Each structure stands twice: as C-alpha cells, then as structure tokens.
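A quick write-up on the structure given underneath.
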Amino acid sequence: KKFFIIILVAIIIITLLFVIPNPLNKSGTIIYTIKSRVSVSQLSQTFSNSSRITNWKFTTLMIKDNPFLGSGIGTYKYNSLRYQARFLEQGQNRSIYPYTFATKTHNEYLQLWAELGIIGLGIFIWLIISYFNYGLRFIKRVKNRYRQGIIIGLMGAVVAVLIDGIFGFPLHLSATLVLFWLALALTIVTIKSEIGAEEVDTSKKDSNQISLFKPLLYIIIILSTIFLCVTVSRPFIARTYWYYGNKEVEKNKDVNKAIKMYEEALKWDPYLGEVY
1 KKFFIIILVA
11 IIIITLLFVI
21 PNPLNKSGTI
31 IYTIKSRVSV
41 SQLSQTFSNS
51 SRITNWKFTT
61 LMIKDNPFLG
71 SGIGTYKYNS
81 LRYQARFLEQ
91 GQNRSIYPYT
101 FATKTHNEYL
111 QLWAELGIIG
121 LGIFIWLIIS
131 YFNYGLRFIK
141 RVKNRYRQGI
151 IIGLMGAVVA
161 VLIDGIFGFP
171 LHLSATLVLF
181 WLALALTIVT
191 IKSEIGAEEV
201 DTSKKDSNQI
211 SLFKPLLYII
221 IILSTIFLCV
231 TVSRPFIART
241 YWYYGNKEVE
251 KNKDVNKAIK
261 MYEEALKWDP
271 YLGEVY
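Here it is in structure tokens:
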C-alpha cells in the first residue's frame, strides 16, 4: 500500500509541476522544454500533417454503414480505398487531408468497430474490464510478493499495449498479439496458482465430466493453433515474395524472375494489391 501511495503522490506532484505555472517550468527550464514538445497544440499539429487523421475520418464512414455487425474481420484493407475516396469527395477534404494507402487504421478500437461492429468492440471491452476487475480483486490475496510483482508487471504490459492501440495497431502485429494474450493468460494462471483451490467451486462430478472431453479439447486446440499460424503467416510470406520480386526488378533488372516471385506472393495472398 505504501508503494502505491508513493507512486500516486509522485504522479500528482509531476502533473502539478507541468500544469500549474511555477519557477520550475518557466521558459528555458527542462520542464518547459518537455512541456512544449508534448503540448496538445504540438500533438494536434503533428497528427494533422500525418495520414492518421485521414484514416480515422474515413473509418468513421465504414462504421456508419455497418455500426452493429461491422464489415467482417480482416476486411478493412479491402474497403479502405473505397471509403477514402468517398471521404475525400466531401467538401474541401481533398485539399485538406492527405491521400494515404491504408491497410490499418492506426487505432485498434476504430478498426475493431469497423470490422466487428459495436458488438465485437463491446465484447473486447468487456473482456478487458473483466480481466482488470479479476486482477485487482484478487491481487491482494496473493501472499507471495514476488508473484505480486509479476502480476503487476503483466497488467502493466497489457495497459501499455492498450494505450499503444490508440495510435497504432499492436494487435495486428504477430509478436505483440501473442505477448498481449500471453500476458492476460499468465496473470490468471499466476493468481489461480497462488490462491489455490479456494476459488474452485465445481464438484468432483463436474470435473469428471469435463475430463471426458479433454482429448477432444486438446485436438481442437492443436488444430486451431495450426490454422491460426498458417492464416497469420500467409500475408507475411506473400509480402516476403513481393519484397524480393521488387529487388529483382530494382537491382538485377530480371523481370521474369520478379514475375515468378509475384506469382508466388499471390498464391499466399491473392488480395495483396501491391503485386497487381
């Protein structure tokens, strides 16, 4: 408790140093320099010159067309050009916002809403809220300080990914995606292993019934893992062939070999527009 109180007080003091005018944040000081670089006006100016604003704007058009069920998982990159054209045709948007080729929204929550609708976004938010509710509720019952630290670290990692998701697409990167769900799972496992059987309210009869389905469950998990690995790797392999095809054209001027590379890329991902 003392540790959390110290952290909270430190955050409040640092915030006051930045927000309230005082001798420590006058012009020429380190705090003033940091404050000027991360000010709201600076951030808005930076983002207004980037393609993210354009992405977010036309993504809202996708959401308006399919607010409840979305357009389907993985369909954003196929719909983005059409909706971007529609957005740029409105008013003076073409002269205000830059054109961009977007396969990601650079905002996980907007993309989730566009692809899976408010239902999918709601399920994701419910899952995250349930995770933090469970973690914060039971972390006090974990006696081992070392394990408490592990749980706090894992929950902090989840928070970092969620914040990154506001301006990026960490859940569309294989490494981050695996680590994100692994952090969630390890948090639950660590808490469960510490509090033991006191939270288990199922009877032996229920446990025996569940054990009958274990072989089938293992088979489903293995097949699902293989399917997901292949599905996730296909676009990556396609882009690898596309990359080496470009290299053949640029460096070796070997068009025939480049065409073979592009054909291989299309076998892995027929929707890779850059190849065409």
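Going by full-length UniProt numbering, the first residue of the sequence shown is number 1, and it counts up by one from there. All residues carry an ideal CB built from backbone N, CA and C; glycine is no exception. All values derive from a computational prediction rather than experimental measurement.
Is it true that the CB of residue 242 sits closer than 7 angstroms to the CB of residue 274?
-> yes
Can you give the Cα-Cα distance for residue 41 and residue 68, rounded to whole angstroms?
-> Residue placement at residue 41 cannot be trusted, given a pLDDT of 47 that sits under 50; what the coordinates show is reported in the next sentence. Approximately 34 angstroms between the Cα atoms of the pair.
Would residue 236 be called buried (16 or more neighbouring beta carbons within 10 Å of its own) or exposed?
-> exposed
Return the first residue and the last residue of the alpha helix (DSSP H) that residue 65 is part of.
-> 52–65
What's the gap between the Cα of residue 253 and the Cα of residue 272?
-> 22 angstroms
Taking the Cβ atom as the reference point for each residue, do residue 100 and residue 54 lie within a distance shorter than 7 angstroms?
-> yes
DSSP three-state assignment for residue 197, whether helix, strand or coil = For residue 197, the pLDDT reaches just 46, beneath the cut-off of 50, and the residue's location in the model is therefore unreliable, leaving the point undetermined.
Residue 172 in three-state terms, based on DSSP | helix
Would you identify the three-state DSSP class for residue 23, choosing helix, strand or coil?
-> helix
Residues near residue 166 by beta carbon distance below 7 angstroms, same chain, minus five either side | 107
Return the Cβ separation of residue 176 and residue 154 in integer angstroms, given the expectation that the two are a contact with Cβ distance under 8 angstroms.
-> Their Cβ separation, rounded to whole angstroms, is 14 angstroms, which puts residue 176 and residue 154 out of contact at 8 angstroms.
Assign residue 271 to one of three DSSP states: helix, strand, or coil.
-> coil
Does the stretch 144–164 come within contact of the stretch 178–186, defined as at least 3 CB pairs closer than 8 angstroms?
-> yes
Helix, strand or coil for residue 143 per DSSP?
-> coil
Alpha carbon to alpha carbon, how far is residue 13 from residue 161?
-> 26 angstroms
Take the Cβ of residue 227 as the centre, count every other Cβ of all protein chains shown within 10 Å, and call the residue buried at 16 or more, exposed below.
-> exposed
Coarse secondary structure for residue 111, derived from DSSP in three states | helix
Nearest-angstrom Cα separation, counted from residue 174 out to residue 222 = 18 angstroms
Whole angstroms is fine: what's the gap from residue 16's alpha carbon to residue 233's?
-> 47 angstroms
Among 123, 109, 191, 113, nearest to residue 143 - alpha-carbon criterion | 191
Whether residue 250 touches residue 257 by CB criterion (7 angstroms) | no
Does the stretch 86–94 touch the stretch 133–140, meaning 3 or more C-beta pairs lie closer than 8 angstroms?
-> no
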